[in-house]
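Residue numbers (this note's numbering): 23 to 177.
Glycine included, C-beta positions come from ideal geometry on N, C-alpha and C.
From a predicted model like this one, the values you see are computed outputs, not experimental measurements.
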């Protein structure tokens with residue numbers, strides 16, 4: 023049943039953390055191409071048709087241990103910044119579409135976001151999912167992509 027008060031998010035797991043991105047901030051979710059079809063994930067890029075997509079390594083960004091399996095990821099969340107640059111988040115497992123009440127995710131204050139692991143987290147919330155509680159961290163894509171774009175131009 024449709025509830026207009028619910029907000030839609032795509033959720034996915036990186037290491038032991040669950041992240042969410044609002045659906046309206048995602049360009050598309052696709053199967054990640056294999057290496058012989060343009061999926062050069064190890065080098066940080068994916069060729070998807072005529073588009074080159076730079077990958078965001080969330081393990082590295084959040085200071086987490088690298089992925090244990092070095093295989094080609096199965097899924098790709100495609101994002102687009104204000105300058106129409108394409109970015110991607112490669113995932114081993116399929117992301118989920120979830121709906122949350124706007125009151126579930128609470129903003130993280132700017133002063134709390136300046137710790138090394140959390141500057142890219144804008145909201146945090148706990149939701150009950152299949153009779154268990156799960157903590158969701160909402161990525162601040164604008165800040166993350168702005169920092170990555172600035173990092174590329176200053177390298």
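Just the C-alpha distance for residue i and residue j, rounded to the nearest angstrom, thanks.
| i | j | result |
| --- | --- | --- |
| residue 129 | residue 145 | 4 angstroms |
| residue 143 | residue 36 | 14 angstroms |
| residue 28 | residue 82 | 32 angstroms |
| residue 148 | residue 51 | 25 angstroms |
| residue 75 | residue 157 | 29 angstroms |
| residue 126 | residue 58 | 42 angstroms |
| residue 66 | residue 77 | 5 angstroms |
| residue 141 | residue 97 | 25 angstroms |
| residue 86 | residue 72 | 32 angstroms |
Starting from residue i, follow its DSSP beta bridges and name the residues at the other end.
| i | result |
| --- | --- |
| residue 43 | 32 |
| residue 151 | 154 |
Taking the alpha carbon of residue i as the reference point, which residue from the options has its own alpha carbon closest?
| i | options | result |
| --- | --- | --- |
| residue 112 | 31, 38, 56, 169 | 56 |
| residue 117 | 70, 88, 167, 100 | 100 |
| residue 40 | 169, 159, 71, 123 | 159 |
| residue 45 | 170, 152, 165, 120 | 120 |
| residue 110 | 31, 123, 95 | 95 |
Can you name the start and end residues of the beta strand (DSSP E) that residue i belongs to?
| i | result |
| --- | --- |
| residue 69 | 67–70 |
| residue 119 | 118–122 |
| residue 53 | 50–53 |
- Whole runs of the beta strand (DSSP E) within the region 76–111, excluding any shorter than 3 residues: Counting only runs of 3 or more, we get 97–102.
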